[in-house]
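These protein sequence lines are chains R and Y, in that order. Every position in the first sequence, counted from 1, becomes a number in my numbering once 75 is added. Every position in the second sequence, counted from 1, becomes a number in my numbering once 75 is added. For each residue, glycine too, the CB sits at the ideal point set by N, CA and C. As structure tokens, the structure follows; a few thoughts come after it.
There are 2 protein chains.
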Amino acid sequence: MTAIILIEPQMGENIGATARSMLNFGLTDLRIVNPRDGWPNPKAVDMAKGAKEVIHNARIFSSLSEAAYDIHKIYATTARPRDMVKPVLSPEECGNAIHSNIRKGEKSAIMFGPERCGLDNDDITLAAAITIIPVSEIYPSLNIAQAVSVMSYEYFKAGLKAENDITDQKKSNAASAEDIANFFQHLEEELDNKDFFRVADKRPRMVRNIRNIFMRADLTDQDVRTLRGIIGSLVKKKFDKSV
Amino acid sequence: MTAIILIEPQMGENIGATARSMLNFGLTDLRIVNPRDGWPNPKAVDMAKGAKEVIHNARIFSSLSEAAYDIHKIYATTARPRDMVKPVLSPEECGNAIHSNIRKGEKSAIMFGPERCGLDNDDITLAAAITIIPVSEIYPSLNIAQAVSVMSYEYFKAGLKAENDITDQKKSNAASAEDIANFFQHLEEELDNKDFFRVADKRPRMVRNIRNIFMRADLTDQDVRTLRGIIGSLVKKKFDKSV
């Protein structure tokens, strides 16, 4: 469902290696805008090895807007942030964003520019976000097929993570938003009873800080029961051993 | 400091592309055990592009144990888990493990087998752990230079993360272990006062569960002060508005 778009790629070998990397990580929808050496390209077929089907099914377009006709979100892979008001994502964040789009029924594409000069600003304008692969300053020039590998790898990894998250949640019984809201209400009522917040002006910020501590703990059902038990216990009158 | 070891690589092009990927992600120490086509290899030099220095400085060995003479931990990249009692790490975990080794003053190498057959069991025996790049079942055959890219990328990313973690900790003032221990003692004393644990047998497990909830929240100094304030407030006698 997720597409790779190459803008004006120059070397057939790179297109073939791109297809191979794509299929390694489960991607099959290759779209090419104005390949320099025309199409079909025997070098691309040769370099694709076991991913020749990706090359045979690749579609050629004459502009990005045509290539992205059914795409909701385009992610532009660039070497550095451009002077544009666009969110900048790491490859990992980009992989997660694409899977979050998939859950919303939206189709994404990861876009790569020509080997020598990268994407031009007109094409980047159409992107939802920019994504930058972190590279060493010593030699930042990443081969396009290697860039496709890294992006496709993070896309595939995010898919595995999305599956695991669903399984984990089932396993661990993550607390529902309602249970958590009730826990916060319980805690904050008891704190109000004891005049914990003192200054009314500061209450909203203090409440937010306290909620954030517990939100970071990824509470389960059982955690919420435990925490509510703790509150109930702490506010009791002192335990009387003689009773 | 971290090395890449190629065992019996076949294609000079793959060695060159490996060097390029290495340098993209800040790695320069290439060691090769028995390259099939001998050494030096002009195809390797050609494919290395801007990373020719890595090829010129590569060292050739006749066995893994010679190549790893100064290495503390070898990570074996394989396509599937082998029938061996070895930890299996994701590329991300491997990157983190290497940086954790670096902090301990230990030197690591990531090892890759020949293109066609992968690493043999004798070489894997010398590894501290196996690492497996997640790939699609449709076409799991990853080119060796792409595998080096993914592993080197995760290594580089883990390095950036390690730097950020240090900065984050400075910024956020993570609570010290002592402060956290004092907070737990405070909470557990108050809970004992209120007979929260009731059954003595169950106390250790209940204490562990409660501590785990808070450990997951990555508490800062300020969080610990807030939580201790909450405990102090909850155990107070009911607030008397007339006072």
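CB contact flag (residue i, residue j, <9 Å)
i: F100 of chain Y; j: V210 of chain R; result: yes
i: R111 of chain R; j: P84 of chain R; result: yes
i: K161 of chain Y; j: A203 of chain Y; result: yes
i: M76 of chain R; j: T152 of chain R; result: no
i: T103 of chain R; j: N284 of chain Y; result: no
i: A250 of chain Y; j: D296 of chain Y; result: yes
i: F136 of chain Y; j: N176 of chain Y; result: no
i: D150 of chain R; j: M186 of chain R; result: Inspection of the sequence shows that residue 150 of chain R is occupied by Tyr rather than by Asp. Closer than 9 Å, so yes.
i: R95 of chain R; j: A123 of chain R; result: yes
i: F258 of chain Y; j: R303 of chain Y; result: yes
i: G188 of chain R; j: I79 of chain R; result: no
i: S308 of chain Y; j: K269 of chain R; result: yes
i: A292 of chain Y; j: F231 of chain R; result: no
i: H174 of chain Y; j: A220 of chain Y; result: no
Within chain R, the residues that residue i reaches when beta carbons sit closer than 7 Å
i: Y214 of chain Y; result: L98, N99, G125 and A126
i: N284 of chain Y; result: T301
i: P209 of chain Y; result: F231, K232 and L235
i: R278 of chain Y; result: By Cβ distance, chain R contributes nothing, its closest Cβ being about 13 Å from R278 of chain Y, past 7 Å.
Interface flag, residue i vs chain R, CB-CB below 9 Å
i: N218 of chain Y; result: yes
i: S317 of chain Y; result: Residue placement at S317 of chain Y is poorly supported in this model, since its pLDDT is 44, which falls under 50; the coordinates still yield a value, given next. For S317 of chain Y, the answer is no, since every Cβ of chain R falls outside 9 Å of its Cβ.
i: E167 of chain Y; result: yes
i: A143 of chain Y; result: no
i: L105 of chain Y; result: no
i: R95 of chain Y; result: yes
i: S183 of chain Y; result: no
i: A92 of chain Y; result: yes
Buried or exposed (CB count within 10 angstroms, at least 16 for buried), residue i
i: S317 of chain Y; result: Any reading at S317 of chain Y must be qualified, since the residue scores a pLDDT of 44, below 50, and its modelled position is unreliable; the value itself is stated next. Flag for S317 of chain Y reads exposed.
i: A184 of chain R; result: buried
i: N171 of chain R; result: buried
i: L235 of chain R; result: exposed
i: P166 of chain R; result: buried
i: P117 of chain Y; result: exposed
i: K148 of chain Y; result: buried
i: D276 of chain R; result: exposed
i: E88 of chain R; result: buried
i: R191 of chain R; result: exposed
i: M159 of chain Y; result: exposed
i: S138 of chain R; result: exposed
Listed by chain order, chain Y residues near residue i by CB distance under 7 Å
i: D298 of chain R; result: I288
Any C-beta of chain Y under 9 Å from that of residue i
i: I306 of chain R; result: yes
i: L266 of chain R; result: yes
i: F271 of chain R; result: yes
i: Q221 of chain R; result: yes
i: D293 of chain R; result: yes
i: L324 of chain R; result: This structure gives no information on residue 324 of chain R, because the portion of chain R shown stretches from 76 to 318.
i: Y228 of chain R; result: yes
Within chain Y, partners of residue i - CB distance below 8 Å
i: V310 of chain R; result: L309 and V310
i: S224 of chain R; result: Q221, S224 and V225
Proximity test, Cβ basis, 9 Å: residue i and chain C
i: M281 of chain R; result: Annotation note: the requested chain C is absent from the structure, which comprises protein chains R and Y.
Can you give, in chain order, each stretch of the alpha helix (DSSP H) that sits fully within the segment 210 to 277 of chain Y and has at least 4 residues?
-> When DSSP assignments are scanned along the segment 210 to 277 of chain Y, the uninterrupted stretches of alpha helix (DSSP H) that are 4 or more residues long and fall wholly within it turn out to be 219 to 247 and 252 to 268.
In the segment 136 to 217 of chain Y, which residue ranges form an unbroken alpha helix (DSSP H) of at least 4 residues, counting only runs that do not cross its ends?
-> Whole alpha helix (DSSP H) segments, 4+ residues: 139 to 142, 166 to 178 and 196 to 200.
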